[in-house]
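Okay, structure first, notes after.
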Amino acid sequence: MTENIKLIDEKAPNNKQQNQMNKKHNSENEGIYVRGYSAQTKENDLVKYFSQFGNVVWVHFGHDFLLLDFTEQSAVEKVLSKKSHFLSGNRLFVRRKESRRNTVLNDEEVNKQIYEYLISELKNIHDFNMQVSCMKHNLQPDMNECYQKYSHVCRDLCNIISSSFPYVQVYPFGSTFTGLDFNNSDIDVYLANVKQSDEDEVDLLKIIKVALSKSRIFANCFCIPSAKIPIVKCIHTKTKIRCDINIKNMLGVCNSKLIRYYLGIDPKINDAMIILKYWAKFHKITGQNHLFTSYSLILMFIFFLQQEPYNLPSVSSLQIPEKNHFLEIQGYWNGGFIEKHKVRSEKISNTSLQEIVENFFGFYSNFNFATTILCPYTGKSLPINYFQDYKGLPHIFKRYKDFMSVEENKKMALKTNTCICIQDPFELNRNVVSVVTESVVEKFTLCCQIAKKIFSEKNQTLYRLYTEEPVQMKKVQCSYQEDSLDITLHRSTTIKYLPNNQNDEWFETASEFVLMTLRDFLDLDLTAEDSQSKMAKSEEEPTVHGSGKSFYVCMGKYNMWDARKATAKKLNLPNTTEMTVIEKETKITNNLKEVYNNISNSPIIVQFRLMLEKRNDALLVHLEKINAYKKSFKSFCLFFAHNMPQWFEMYEKELNKRAIALPKT
């Protein structure tokens with residue numbers, strides 16, 4: 001199929017007719033967007049089919065979609081009024097085209113239209129298995145057609161590159177290899193027998209890029225040498241498939257083979273992964289810029305299935321014994337395993353797809369990522385400091401021990417000082433989620449909790465899964481009024497400094513830190529109050545000491561807040577990890593105390609009541625004004641609301657680092 005824009009009328013219009021059509025084309029939206037037809041469908045057949053609704057004046061064939069315009073708007077309405085469109089046994093996806101002249105929809109626009117159509121379909125389907133079928137039909141390409149296209153791409157790559165590298169072998173990998181690809185997915189390719197040990201990888205990629213460009217079989221070829229794994233990106237002109245090519249090592253291919261092995265154990269595993277992959281994409285849990293990758297999400301699902309009651313085999317068990325035909329050595333790592341080892345899980349066979357996915361969400365809804373390493377290699381959770389003393393590791397980690405025994409590799413140990421750690425099952429020094437931020441982990445946990453609830457209610461399950469978004473959880477919520485301030489600190493899901501991430505211990509830590517900031521940083525006098533405090537309270541919620549609430553009267557004579565920033569600058573205090581937050585703020589306070597030392601008989605400038613209240617996984621800090629000099633209470637509240645939560649966040653990070661550094665017991 002061609003990408004060119006062309007007129008379909010048998011007779012070319014004269015200039016007057018052309019101008020009229022162009023004018024009409026610019027002013028109205030007379031077009032449709034079509035996909036869902038097979039690659040073997042001829043252009044004329046599609047045009048002929050839609051010509052029955054009106055006169056077709058313009059068509060554009062993209063990678064796997066058609067844009068088509070009519071002379072009259074009424075033809076579009078006729079097309080859209082028809083409930084279903086079928087051609088050669090394929091159901092067509094038809095939507096109104098956006099009114100932009102000669103614009104090809106980019107991936108984001110195409111995905112948006114697919115999403116809208118999918119949601120409109122799912123809304124009216126109540127049977128869960130039919131929902132899954134609808135989802136796969138709309139999201140995934142025809143596997144037989146894709147296999148032919150991917151084979152075409154790989155053959156062309158091999159033919160072109162073999163002229164420079166006669167022994168080259170082409171290995172596709174990634175979602176197109178595992179069968180988890182969506183429409184418009186790229187194809188990842190590894191080229192073996194290109195790089196010799198002493199050759200520069202980037203120079204070789206540039207040779208490949210030039211060869212592909214000259215062939216004209218591939219277009220838009222360019223090299224990305226600065227990537228962690230340098231690649232050449234290009235587009236196969238015949239199939240319009242985008243390719244990412246690397247020559248680094250086979251581990252990407254090995255990972256894809258492993259994923260395909262687990263997906264092949266039971267069809268429900270594949271279907272569950274498609275559901276999860278689209279769920280993570282919709283909620284922006286997977287993607288770029290410190291998000292999870294699809295690969296890490298798949299590993300999380302495999303790890304879940306390695307636990308009770310499903311008990312899928314660990315990766316290490318698939319490599320024992322390490323005989324020659326089970327080896328695929330890449331540097332220090334073995335990417336091979338027993339691919340023909342047949343496994344059947346009775347539990348998976350006897351459990352519905354809906355229940356498996358629900359259990360996945362339940363498993364990770366309250367998972368302690370802060371103190372645990374997910375290890376698909378052993379199939380078990382490991383303590384966060386398990387790899388700290390690599391010499392004491394068991395024999396199963398011999399390859400990791402051998403790697404770490406080389407002096408230059410010691411700086412490339414498995415990163416565990418992160419908010420989440422998932423060990424790669426082959427490349428054992430790699431944490432596949434090392435760049436994922438704490439806020440993304442918290443969002444993942446929150447989305448799992450909501451998804452678990454949706455699945456348990458068994459009502460429009462996939463429709464709700466792909467439409468209901470969680471209220472964005474804020475770590476800190478502040479509300480200031482003229483005479484009061486409320487600050488809510490939320491407990492993080494990535495706490496490492498508490499043994500079991502206990503709520504009570506966290507509440508006590510947070511409460512003590514708030515009191516310390518008031519007493520030691522801001523130099524206030526604190527007096528504990530009993531339950532007879534005069535602090536305002538509702539009759540519905542009586543204030544009882546010992547029920548998760550504590551009360552204090554706070555007063556201060558000196559403004560220890562307005563000049564803190566200037567004082568830190570004057571003292572030239574470092575902004576790095578050289579000082580803890582307590583050390584830094586204490587130095588500032590001591591300096592300010594010296595300034596106020598010569599002032600005697602200073603009046604009280606601020607006085608307020610403080611309530612600390614435990615609320616599920618949060619601490620409510622409530623300040624209520626008693627007396628204040630002019631606007632001192634307001635300036636104090638604005639400073640406290642901005643700085644105290646930041647101090648606490650830094651304090652928790654320091655506690656986490658300290659906990660990780662503790663020796664393994």
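Just so we're aligned, residue 1 is where the sequence shown starts under full-length UniProt numbering, counting upward by one.
Note that CB positions come from ideal geometry on N, CA and C, so glycine has one too.
Remember, it's a predicted structure, so these values are computed and weren't measured experimentally.
Item	Value
What would DSSP say about Ala566, mapped onto helix, strand or coil?	helix
Which residue from Arg344, Ile356, Glu355 and Ser316 puts its Cα closest to that of Thr378?	Ser316
Cβ-heavy atom distance between Tyr552 and the ligand FMN below 7 angstroms?	In the structure on display, the ligand FMN does not appear, and there are no ligands present to speak of.
Assign Lys458 to one of two classes, buried (16 or more other C-beta atoms within 10 Å of its C-beta) or exposed (fewer than that).	exposed
Which class does Lys653 belong to by DSSP, given the choice of helix, strand or coil?	helix
What does a CB cutoff of less than 7 angstroms around Ile298 pick up in its chain, not counting 5 residues either side in sequence?	Ile259 and Met273
I need the straight-line Cα distance from Thr237 to Cys421, nearest angstrom please.	40 angstroms
Please list, in chain order, all residues of the same chain as Thr176 whose beta carbon is under 8 angstroms from its beta carbon, the five residues on each side excluded.	Cys146, Tyr150, Ser185, Asp186, Ile187 and Asp188
Just to confirm, are Tyr364 and Ile373 a CB contact at a threshold of 8 angstroms?	no
Suppose contacts are defined by Cβ-Cβ distances below 8 angstroms. Is Gln131 in contact with Leu122 by that definition?	yes
Taking the alpha helix (DSSP H) that Gly252 falls in, what are its first and last residues?	Leu251 to Leu263
So does the stretch 237-257 actually touch the stretch 405-416, counting three or more Cβ pairs closer than 8 angstroms?	no
Which class does residue 685 belong to by DSSP, given the choice of helix, strand or coil?	The structure shown does not extend to residue 685, since the chain is modelled only from 1 through 665, so no value can be given for it.
State yes or no: is the C-beta of His290 within less than 8 angstroms of the C-beta of Val432?	no
In angstroms, rounded to a whole number, what distance separates the CA positions of Ile229 and Tyr167?	22 angstroms
Among the residues of its own chain, which have a CB less than 8 angstroms from the CB of Ser164, if the five just before and after it don't count?	Ile207, Ile208 and Ala211
Going by C-alpha distance, which of Ala510, Glu358, Ser550 and Tyr552 is nearest Thr461?	Glu358
Rounded to whole angstroms, how far is the Cβ of Lys634 from the Cβ of Phe608, which I believe are closer than 8 angstroms?	Contact flag wrong, Cβ pair sits at about 11 angstroms.
For Glu306, list the residues DSSP reports as bridge partners.	Reading off the sequence shown, one finds Gln at residue 306, where the question assumed Glu. Bridge partners of Gln306: none, in fact.
Quick one: what does DSSP say Ile114 is sitting in, helix, strand or coil?	helix
Can you tell me whether Val59 is buried or exposed? The criterion is at least 16 other CB atoms within 10 Å of its CB, across all chains shown.	buried
Using the three-state DSSP reduction, which class does Ala219 fall into: helix, strand or coil?	strand
Do the CB positions of His341 and Leu327 come within less than 8 angstroms of each other?	no
If you pair each beta-carbon of the stretch 506-515 with each one of the stretch 641-658, do three or more pairs fall below 8 angstroms?	yes
Roughly how many angstroms separate the alpha carbons of Pro376 and Cys234, rounded to a whole number?	34 angstroms
So for Asn601, helix, strand or coil by DSSP?	coil
Only counting the same chain, and skipping five residues up and downstream in sequence, which positions put a Cβ closer than 8 angstroms to that of Leu428?	Trp333, Tyr377, Phe397, Arg399, Tyr400, Phe403 and Leu414
How is Ala536 classed by DSSP in three states: helix, strand or coil?	Low confidence applies to Ala536: its pLDDT is 43, below 50, so where it sits in the model is not reliable, and the reading given next is rough at best. Looking at Ala536 - three-state DSSP - the assignment turns out to be coil, as it is neither helix nor strand.
Report the rounded CA-to-CA distance for Ile454 versus Leu46, giving the unit in angstroms.	40 angstroms
Report yes or no: do three or more beta-carbon pairs, one from the stretch 611-620 and one from the stretch 560-576, lie closer than 8 angstroms?	no
Buried or exposed for Tyr629, please, with buried defined as at least 16 other CB atoms from any protein chain shown within 10 angstroms of its CB.	exposed
Start and end of the beta strand (DSSP E) containing Ser133?	Where Ser133 is concerned, there is no enclosing beta strand (DSSP E), although the alpha helix (DSSP H) it sits in stretches over Phe128 to Leu139.
If you reduce the DSSP assignment to three classes, tell me which class Arg491 lands in.	coil
For the putative contact between residue 667 and Pro141, defined by C-beta atoms under 8 angstroms, what is the C-beta separation to the nearest angstrom?	One cannot answer for residue 667 here, as it falls past the ends of the chain, which runs 1 to 665.
Quick check: the Cα distance between Ser349 and Asp266, rounded to an integer number of angstroms?	7 angstroms
Would Trp506 and Leu498 be called neighbours here (beta carbons separated by less than 8 angstroms)?	yes
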